[in-house]
Amino acid sequence: MKTLIELYVNEQFDDLLAAMTLNPKRTVFLTTGCVPEKTARESAARFIRDRNVARFGEKAIAEVEFINIGSRSADKLFEKLDEIFNKYPDAAIEMTGGSTAALIAAQRYCEEKRVKSFFFDSRKGRFRSIYGMEGELRDLKLPAIDVDTLILMGGGKVIGTKHSTSHLDENMDCVRSMLDIYSKYLGEWNSLVEYLQFACKHYYDSTTQLFSAPSALINNSNLFIANKKLLNLLSEAGAINELAMDAENIVFRFANGFIREILTTVGMCLELFIYVAAVDSGEFDSARMSVELDWDGAFRGGAGDTTNEIDVIMTRGVESRFVSCKTARPDTRDLYEIGYLADKFGGRNAVAVLATAIDLSGESWSNYLRARDMGVIVIERADIMKGMEHTAKLLVSPEWLEEKPKK
Numbered sequence: 369m370k371t372l373i374e375l376y377v378n379e380q381f382d383d384l385l386a387a388m389t390l391n392p393k394r395t396v397f398l399t400t401g402c403v404p405e406k407t408a409r410e411s412a413a414r415f416i417r418d419r420n421v422a423r424f425g426e427k428a429i430a431e432v433e434f435i436n437i438g439s440r441s442a443d444k445l446f447e448k449l450d451e452i453f454n455k456y457p458d459a460a461i462e463m464t465g466g467s468t469a470a471l472i473a474a475q476r477y478c479e480e481k482r483v484k485s486f487f488f489d490s491r492k493g494r495f496r497s498i499y500g501m502e503g504e505l506r507d508l509k510l511p512a513i514d515v516d517t518l519i520l521m522g523g524g525k526v527i528g529t530k531h532s533t534s535h536l537d538e539n540m541d542c543v544r545s546m547l548d549i550y551s552k553y554l555g556e557w558n559s560l561v562e563y564l565q566f567a568c569k570h571y572y573d574s575t576t577q578l579f580s581a582p583s584a585l586i587n588n589s590n591l592f593i594a595n596k597k598l599l600n601l602l603s604e605a606g607a608i609n610e611l612a613m614d615a616e617n618i619v620f621r622f623a624n625g626f627i628r629e630i631l632t633t634v635g636m637c638l639e640l641f642i643y644v645a646a647v648d649s650g651e652f653d654s655a656r657m658s659v660e661l662d663w664d665g666a667f668r669g670g671a672g673d674t675t676n677e678i679d680v681i682m683t684r685g686v687e688s689r690f691v692s693c694k695t696a697r698p699d700t701r702d703l704y705e706i707g708y709l710a711d712k713f714g715g716r717n718a719v720a721v722l723a724t725a726i727d728l729s730g731e732s733w734s735n736y737l738r739a740r741d742m743g744v745i746v747i748e749r750a751d752i753m754k755g756m757e758h759t760a761k762l763l764v765s766p767e768w769l770e771e772k773p774k775k
């Protein structure tokens, strides 16, 4: 098969998976009704061409065509397919996408003409032959889909990260110990981070990593108090060194700048907790944290860009998880936002996840119910306090409460 005929559906993951896997010389997208927007057409064509060049070299330029039938009638579809097969007798039709009417008509065409055809079996995670593709598909394996590739398939582009994980591996033992403290003392953690964050503006030397500040600080009407119990635990974990405390002052050195960033950034430990839980579980093919992405894949670095940050994204075969981490109480807007972003960039195989440091089911049962009804995985305080292994299980096989917990 050198030519792939794809029944276009406004779901770029489905539109591109076959081309990405089979690497045909040309891909012909058949559309019925409305023609896809120019940005969607350009994004799909760019993805296919870039993948072919990356795999086979600069001379392997893939051809991409969009043909609009303009009508959903079977006769029009048959006529157009006849034209394509006469022009490209080496073609095959992929039957995963397209409207219901187009799929039914295309299936009829394949049965009558006995042309090569196949579809993607999402339950089995593989392409399966309808007619004449058994040999080509028998040992075919799906390519690895990492986070960057997933976003490209969705028409966007990863442009950076807010919190770099480049120093995570070298600090992993310390970070795991910190996250263990975090999960056990979730209710006290944010106040310590807020204290350290404010104090570091006035009582921190970045050259020596020395922190020396009063144990209680006031800013306008806000009181920040050091949590000495947690500081002792962080000292035992190796996150801070040379800890000295008396009734009025706190002195220590941060282990390094990366550890300081974690301890002075509200919400970063929650993101790290989800990210490390996913990585350690071995259930996911790739994971990225604090992902900054551009919507149309043509980042200009100015006001003309539409961008978003997604706290954690992970891939698992053709599935993906898009995680929004909230230290405060999330609202319905947060649910709809992460649900929309998961759908836009991950397609129908993506699942939205809301991770929150609060007891959502107890404090806001209506929002918990809304998340459950939307299919959004909820990871709340009780789940985090049960540890990373439990959290990772929820990311793979979600569970929701049926009734509001009793106080």
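Numbering (the numbering used here), first residue to last: 369 to 775.
All C-beta atoms in this analysis are idealised placements derived from N, C-alpha and C, irrespective of residue type, glycine included.
Note that the structure is a prediction, hence the values are computed from the model and not measured.
Using a 10 Å radius around the Cβ and a threshold of 16 neighbouring Cβ atoms, would you call residue i buried or exposed?
i	result
Cys-478	buried
Cys-693	buried
Tyr-736	buried
Thr-399	buried
Tyr-708	exposed
Arg-689	buried
Lys-448	buried
Val-634	exposed
Met-540	exposed
Asp-614	exposed
May I ask which residues mark the beginning and end of the beta strand (DSSP E) holding residue i?
i	result
Glu-677	675 to 684
Ala-584	584 to 587
Ile-593	590 to 593
Ile-461	459 to 462
Ala-431	A small correction: the amino acid at residue 431 is Glu; Ala does not occupy that position in the sequence shown. Residues 431 to 436.
Val-746	745 to 747
Please list the terminal residues of the continuous alpha helix (DSSP H) segment that includes residue i.
i	result
Thr-389	380 to 390
Tyr-477	468 to 481
Ile-498	Per DSSP, Ile-498 belongs to no alpha helix (DSSP H); it is in the beta strand (DSSP E), 494 to 499.
Leu-769	Looking at the DSSP string, Leu-769 is not in any alpha helix (DSSP H), and its letter there is neither H nor E.
Phe-415	406 to 424
Ser-490	Ser-490 -> no alpha helix (DSSP H), and no H or E assigned at all.
Thr-633	Per DSSP, Thr-633 belongs to no alpha helix (DSSP H) and is neither H nor E.
Leu-520	515 to 521
Gly-503	502 to 505
Asn-600	596 to 605
Met-756	756 to 764
Lys-552	540 to 552
Leu-510	Premise fails: Leu-510 is in no alpha helix (DSSP H) and is neither H nor E.
Met-345	No information on residue 345 is available, as it lies outside the stretch 369 to 775 that the chain covers here.
Between the beta-carbon of residue i and the beta-carbon of residue j, is there less than 7 Å?
i	j	result
Val-744	Leu-703	yes
Phe-488	Thr-464	yes
Val-659	Val-526	yes
Phe-626	His-531	no
Met-753	Ser-551	yes
Phe-381	Phe-434	no
Who does residue i pair with in a DSSP beta bridge?
i	result
Cys-693	Ala-723
Val-619	Ser-580, Ala-612
Val-526	Leu-661
Leu-375	Leu-398
Val-561	Looking at the DSSP assignment, Val-561 forms no beta bridge with any residue, so it has no partner.
Ser-688	Thr-683, Ala-718
Ala-646	Per DSSP, none; premise fails for Ala-646.
Ser-360	Shown here, the chain extends from 369 to 775; a query on residue 360 therefore has no answer.
Validate contact between the region 545 to 565 and the region 638 to 653 using beta carbons, cut 8 Å, 3 pairs: Contact holds: three or more Cβ-Cβ distances are below 8 Å.
Given 8 Å, three or more beta-carbon pairs between the region 550 to 564 and the region 594 to 602: Output reads yes: the region 594 to 602 touches the region 550 to 564.
The region 409 to 420 / the region 442 to 462 touching (three or more Cβ pairs under 8 Å): Inter-segment contact for the region 409 to 420 and the region 442 to 462 is absent: fewer than three beta-carbon pairs are separated by less than 8 Å.
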